[in-house]
Each structure stands twice: as C-alpha cells, then as structure tokens.
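This report refers to the structure that appears directly beneath it.
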Ligand code: SF4
C-alpha cells in the first residue's frame, strides 16, 4: 500500500512530513475568490496558482499557511502536492445553509474531495494516510476508525459509472487512516521543540480563521488579527434565511461578535474543537 502524509499547514502534520517517510505529501488549500481577502504578494500568488493549476486569489486560513507550505517543501526537500476544491464562496452558494459541527460539508468539499480526486489520479487503490493526531488524541483517532468499513478503510461517495445518461454513484474505498504520532507516543511538546529554530514559518493558529469550531471569544480575537477574513464569514450569515448564523445552536452571529469589546486576556492555546483530521493539525 502507498503511504500518504496528509498535510494541513499545522506544526503537527508538518512534523509528520519532516519525520516520517511517505510516497506522497498532499495538502488541500481552502480558497476564496473575494478580492477583499486577496493574498498580498503577487509573485507568491502566481506560484500558488501554478501549483494549483488555477487562479489563486486568497485563502480563508491565515495567509501564513502559504509560507508554511512553501518553507516546508524546501525543508523536507520533497514535493508537496497542492490540491484545492471549490472556493468557500462557491461551496456556500450551492448549500442550503451554513455548515456546522454536524454538517461539515466545507471540510468534505474543500479538503476531502480534492484529496480524493488527487488520489484517484495518482494512486487509485487503497492507500495508508498518515493523520496528525497526537499521543493524547486517541479519542479523535477512535472516532475516525469508527467511520471505516469492515476492511478498515474509509469510503468516499463518488461517481462510479453511468446509468443511461445519469451518473451512477457508489462508495469507493480509498483511505486506511494511520496515526504515527499515537503509535510513537509523540506529544505536542516534542513537536513544538522540534520546530524551534527551523526555517519553517507557522501561523499563530491554523484552520479557517472563522471556523465555527472556534470559540466565539476566539473569533473576536481572530477579527483583530484578520478583520477582512472574519468580515467575509460575517457576510455569509443571514443570506439564505434570517436565522442562518455561524453559531446556530447559540443563535449567535459573527456580526454580533465583531461588536464585542476586546477581552484583556485570552487563552492562547488550541481553542478549537475541530477533529476532522484534515483541517489545521
Ligand atoms: S477549518 Fe472549519 S470552516 Fe474550514 S473547512 Fe475545516 S471545518 Fe470547515
């Protein structure tokens, strides 16, 4: 079985790229076509466009993620395959509602589907995927394993043929998830220590800056750091219907959060519940 390192721009998955041999390294980039979030460096925008094979305008993650992946590629001396799906704008245009922790179609469409298509083009038989859960994250690994089929493989719903003029859909086995950091008992402190004084730049925090898995107080902090991006997220509320806000269960909108006073101190750690294994590790 081929082995793929699944990268997301965080220190943990980058640690895997630097320390674990694999046949491929693949990274899925979340994009926007909103020029208010344009990546500021034209030359780098062109480099990213060339890697993706389409015009790159901007990302809804921290812009630093672009430098992380370019630095990492140099540091490990191996190719990283950059993939991307629809822009977040397009994903929301065609969705009936905003995503939420139970309907995480953004991860599916912007991370999983492009990785799956890359896998179809490059491997097309079940492969091991190294996922960056750390030694204390066995619960997250367990939840991922619970989604595998009887062969221990994750499946993806995809077109498997044609029925007359209609596409025929079915499930395709593609990933055997593996967790090298759990197997080798690697905790966060080892990873943080490893990246000290290395020529790879990292964002203060990964994932989409306005990811609904982040605590509302953290969204306020992210607004201070990335006002244009959080305003992009706020602009997507209440478009489909009056109650469509990013924190549906709390009926709390980003537009309200932006108006809050700044908190004096916030806990600068991982204030984030996302456990998909594809965003931000
Ligand atoms: S980081 Fe959050 S908002 Fe972005 S794709 Fe992942 S789950 Fe969706």
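Numbering (the working numbering), first residue to last: 744 to 1024. Cβ atoms here follow ideal geometry from the backbone N, Cα and C, with glycine treated the same way.
Could you check if residue i is buried or exposed, using at least 16 other CB atoms within 10 Å of its CB as the buried criterion?
i, result
"residue 793", "exposed"
"residue 842", "buried"
"residue 964", "buried"
"residue 956", "buried"
"residue 952", "buried"
"residue 920", "buried"
"residue 767", "buried"
"residue 992", "exposed"
"residue 869", "buried"
"residue 909", "exposed"
"residue 805", "buried"
"residue 947", "exposed"
"residue 837", "exposed"
"residue 883", "buried"
"residue 975", "buried"
"residue 966", "buried"
"residue 979", "buried"
"residue 972", "buried"
Would you identify the three-state DSSP class for residue i, choosing helix, strand or coil?
i, result
"residue 1013", "Unreliable placement is indicated for residue 1013, whose pLDDT of 48 sits below 50; the coordinate value is still reported in the next sentence. Residue 1013: coil per DSSP, three-state reduction."
"residue 754", "helix"
"residue 778", "helix"
"residue 864", "helix"
"residue 981", "coil"
"residue 807", "helix"
"residue 969", "coil"
"residue 784", "coil"
"residue 1030", "The structure shown has nothing for residue 1030, since the chain only spans 744 to 1024."
"residue 908", "coil"
"residue 1005", "coil"
"residue 827", "strand"
"residue 746", "strand"
"residue 915", "strand"
"residue 802", "strand"
"residue 933", "helix"
"residue 873", "strand"
"residue 894", "coil"
"residue 942", "coil"
Can we count residue i as close to the ligand SF4, meaning its CB is less than 7 Å from some heavy atom?
i, result
"residue 854", "yes"
"residue 788", "no"
"residue 945", "no"
"residue 933", "no"
"residue 950", "yes"
"residue 850", "yes"
"residue 857", "no"
"residue 842", "yes"
"residue 997", "no"
"residue 956", "yes"
"residue 929", "no"
"residue 847", "yes"
"residue 791", "no"
"residue 773", "yes"
Hey, out of the options, whose CA is closest to residue i's CA?
i, options, result
"residue 916", "926, 814, 897, 930", "897"
"residue 795", "770, 780, 848", "770"
"residue 761", "987, 845, 937, 1002", "937"
"residue 954", "977, 945, 801", "977"
"residue 822", "749, 802, 838, 833", "749"
"residue 918", "774, 781, 893, 971", "893"
"residue 934", "883, 888, 753", "753"
"residue 845", "1004, 990, 946", "990"
"residue 852", "863, 864, 835, 867", "835"
"residue 789", "780, 800, 779", "800"
"residue 927", "745, 945, 763", "763"
"residue 747", "791, 815, 875, 929", "875"
"residue 849", "907, 982, 797, 803", "803"
"residue 949", "866, 995, 811", "811"
My guess is that residue i and residue j are in contact by the Cβ rule of under 8 Å, so how many angstroms apart are they, rounded?
i, j, result
"residue 873", "residue 765", "6 Å"
"residue 818", "residue 942", "6 Å"
"residue 809", "residue 787", "6 Å"
"residue 828", "residue 857", "4 Å"
"residue 903", "residue 913", "4 Å"
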